[in-house]
Amino acid sequence: MSRQGLVALACLWIAGLAGLVSWGGQAAEIPLQDRQSGYQLMTPETRAMQDDDAANPGMLWVLDGEALWQRKDGRANLSCADCHGDARQSMKGVAARYPAVDPGLQKPVDLEQRIEMCRTEKQQAPPLRAEGKDLLALAAYVARQSKGMPIAVVEDDHTRPFISAGREIYERRQGQLNLSCANCHDDNSGKRLAGSPIPQAHPTGYPLYRLEWQTLGSLQRRLRNCLVGMRAEPYAPGAPEYAELELYLMWRARGMPMEAPGVRP
Amino acid sequence: MLALTMTAPALAMDPQPYAVVGDTIPLSLTGGRGDPAKGRSIVATRTQGLCLLCHSGPIPEERLQGTLAPNLAGAGSRSTEGQLRLRIVDASRVNPDTIMPPYYRTDGLERVSKSFAGKPILTAEEIEDVVAYLLTLREAP
Numbered sequence: 073m074s075r076q077g078l079v080a081l082a083c084l085w086i087a088g089l090a091g092l093v094s095w096g097g098q099a100a101e102i103p104l105q106d107r108q109s110g111y112q113l114m115t116p117e118t119r120a121m122q123d124d125d126a127a128n129p130g131m132l133w134v135l136d137g138e139a140l141w142q143r144k145d146g147r148a149n150l151s152c153a154d155c156h157g158d159a160r161q162s163m164k165g166v167a168a169r170y171p172a173v174d175p176g177l178q179k180p181v182d183l184e185q186r187i188e189m190c191r192t193e194k195q196q197a198p199p200l201r202a203e204g205k206d207l208l209a210l211a212a213y214v215a216r217q218s219k220g221m222p223i224a225v226v227e228d229d230h231t232r233p234f235i236s237a238g239r240e241i242y243e244r245r246q247g248q249l250n251l252s253c254a255n256c257h258d259d260n261s262g263k264r265l266a267g268s269p270i271p272q273a274h275p276t277g278y279p280l281y282r283l284e285w286q287t288l289g290s291l292q293r294r295l296r297n298c299l300v301g302m303r304a305e306p307y308a309p310g311a312p313e314y315a316e317l318e319l320y321l322m323w324r325a326r327g328m329p330m331e332a333p334g335v336r337p
Numbered sequence: 045m046l047a048l049t050m051t052a053p054a055l056a057m058d059p060q061p062y063a064v065v066g067d068t069i070p071l072s073l074t075g076g077r078g079d080p081a082k083g084r085s086i087v088a089t090r091t092q093g094l095c096l097l098c099h100s101g102p103i104p105e106e107r108l109q110g111t112l113a114p115n116l117a118g119a120g121s122r123s124t125e126g127q128l129r130l131r132i133v134d135a136s137r138v139n140p141d142t143i144m145p146p147y148y149r150t151d152g153l154e155r156v157s158k159s160f161a162g163k164p165i166l167t168a169e170e171i172e173d174v175v176a177y178l179l180t181l182r183e184a185p
């Protein structure tokens, strides 16, 4: 047999093996260059709503957040601005690095949890209501300062164990329907679940305005929605599983541009 | 009335045992034949059968259908009654990596929400109705 013939046979054999492997098991992580934001799956009308500040309903929360940033509060009678100054400078790129591992707590905290820590510890004010208007407004205002910047969660000695924990949750089958996040968002993204295309689950736009919710919501709220859909018991509000999942998802979306406040169907 | 008193306790009970033979469950879970009209209604009702979340099928009045799984059209000529029954009851017995939920298995599941804990997705009667319906789908899409 000729040399070319042997090479061709070997290629066929390798292709066959690869085919068997991909057919028999589950798909792997989405290659970095194939990632796409849920924005890409939206209709031109919904994209235009996100792109135009005058039409993006999330901007109402951003404006509220801007006012709250200046408001003195708590026993310390401090505003966010008293310590952090002009958010347009000091908060630039911050949300793109969240969740971040807090050195004191030795665990990841997401943007909303960080704002709550600042509020209770520095302002000495009572915590804001979880998923409430004020907390979402401050988160949206801070996240807005990173719009267009690449997601910058990095894997290092501090984050690695929590990224792994988040990945483990992402790949774990749960609930009466026995599904994992990966079953839909890695293995079947782009296909239609009851008519709607399944996104790759890159949290580029949170907090975001969801037309289905008719309001702005956090990534934790979105994760709870998915768990309920799988007929799994949602983790308790603020449970470490959320921050671990959020950290894994943001690491998985590393380098993709921040869109907050996003708009989604 | 007799039917009610017989089915009411079955809803609350754990799934009844069944025998797997090869890639089939040859015997009806209820001992009787299902009703294809009820089966169609279960498949078409998204919150009950959940089928059209992932599958498409010849149910034109439901416009939002899924593309994650094979079209249900032709299921009755592709598979035997026993094969369909096992694939609904616990498709992981045929393919461990399947995303098809186990409709009549309550063990080996993690963190099932309290409102669904210990309950199968469909009852034995409902599964027999769906099997009877799918067997009528002879033509491929």
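Chains Z and L, in that order, give the protein sequences. In this text, residue positions in the first sequence follow this note's numbering: the first is 73, and each later residue adds one. In this text, residue positions in the second sequence follow this note's numbering: the first is 45, and each later residue adds one. Ideal Cβ placement from N, Cα and C applies to all residues, glycine included. What you are looking at is a predicted structure, and each value in this text was computed from that prediction instead of being measured.
Alpha-carbon spacing of residue i relative to residue j, whole angstroms
i	j	result
GLY327/Z	ILE102/Z	14 Å
ASP79/L	VAL175/L	9 Å
MET45/L	GLU170/L	Any reading at MET45/L must be qualified, since the residue scores a pLDDT of 35, below 50, and its modelled position is unreliable; no value is offered.
LEU92/Z	SER136/L	Only weak support exists for where LEU92/Z lies, its pLDDT of 39 falling under 50; the coordinates are left without a value.
ALA167/Z	SER151/Z	19 Å
ASN338/Z	GLN195/Z	Shown here, chain Z extends from 73 to 337; a query on residue 338/Z therefore has no answer.
SER109/Z	ARG244/Z	23 Å
GLY334/Z	ALA311/Z	25 Å
GLN60/L	GLN112/Z	47 Å
ASP124/Z	MET114/Z	15 Å
THR287/Z	ARG293/Z	11 Å
ILE165/L	LEU108/L	21 Å
PRO350/Z	GLN122/Z	Summary: the structure shown does not reach residue 350/Z, with chain Z confined to residues 73 through 337, and so no result is reported for it.
ASP145/Z	LEU207/Z	14 Å
GLY162/L	GLU193/Z	44 Å
SER121/L	ILE69/L	17 Å
GLU318/Z	PRO140/L	28 Å
Unbroken alpha helix (DSSP H) run spanning residue i, endpoints
i	result
ALA168/L	168-179
ALA202/Z	It is not in any alpha helix (DSSP H) - ALA202/Z carries neither H nor E in the DSSP assignment.
GLY137/Z	130-142
LEU116/L	From DSSP, LEU116/L is part of no alpha helix (DSSP H); its letter is neither H nor E.
ARG239/Z	232-243
TYR320/Z	312-324
PRO116/Z	116-123
Start-to-end residues for the beta strand (DSSP E) that takes in residue i
i	result
LYS30/L	Examination of residue 30/L is not possible in this model, given that chain L is present from 45 through 185 alone.
ASP174/Z	172-174
GLY289/Z	287-289
ARG282/Z	280-282
Beta-carbon contacts of residue i that lie in its chain and below 7 Å, excluding the five residues immediately before and after
i	result
GLY209/Z	Before going further, note that residue 209/Z is Ala rather than Gly in the sequence given. Closer than 7 Å at the Cβ level, and outside the excluded window around ALA209/Z, lie TRP133, ASP136, GLY137, LEU140.
ASP67/L	GLN127, LEU130, VAL138
GLU316/Z	PRO180, PHE234, ALA237, GLY238, ILE241
ARG296/Z	PRO306
ARG282/Z	GLY289, ARG336
Whether residue i touches residue j by CB criterion (8 Å)
i	j	result
GLY110/L	SER100/L	yes
ALA332/Z	ALA159/Z	no
GLY165/Z	MET221/Z	yes
PRO171/Z	GLU188/Z	no
LEU265/Z	CYS253/Z	no
TYR148/L	GLY83/L	no
LEU179/L	ALA117/L	no
MET144/L	ALA113/L	yes
ALA202/Z	PRO279/Z	no
THR276/Z	ALA308/Z	no
GLN248/Z	VAL87/L	no
GLU106/L	LEU96/L	yes
HIS274/Z	ARG119/Z	no
GLU184/Z	TRP323/Z	no
GLN142/Z	ALA153/Z	yes
LYS205/Z	MET330/Z	no
Residue burial classification, residue i (beta-carbon count within 10 angstroms, cutoff 16)
i	result
GLN178/Z	exposed
ASN128/Z	buried
GLN76/Z	For GLN76/Z, the predicted model reports a pLDDT of 49, less than 50, meaning its position is unreliable; a value from the coordinates is still stated below. Exposed, by the Cβ-count rule.
CYS155/Z	exposed
VAL225/Z	buried
ASP258/Z	buried
GLN217/Z	buried
GLN105/Z	exposed
ASP182/Z	buried
ARG77/L	exposed
SER290/Z	buried
SER94/Z	Below a pLDDT of 50, predicted positions are generally treated as unreliable, and SER94/Z, at 38, falls in that range; the measurement from the model is reported next regardless. By the 10 Å Cβ count, SER94/Z comes out exposed.
SER261/Z	buried
GLU154/L	exposed
ALA119/L	buried
8 Å Cβ shell around residue i - same chain, five flanking residues per side excluded
i	result
ASP134/L	PRO146, TYR147, TYR148, ARG149
GLN246/Z	SER252, LEU299, MET302, ALA304
THR74/L	ALA168, GLU169, GLU172
LEU321/Z	GLY238, TYR242, ALA273, HIS274, PRO275, LEU291
Cβ neighbours of residue i in the same chain (closer than 6 Å, five flanking residues each side left out)
i	result
ALA148/Z	GLN195, GLN196
SER72/L	GLU172
VAL173/Z	PRO180, HIS230, THR231
ASP58/L	none
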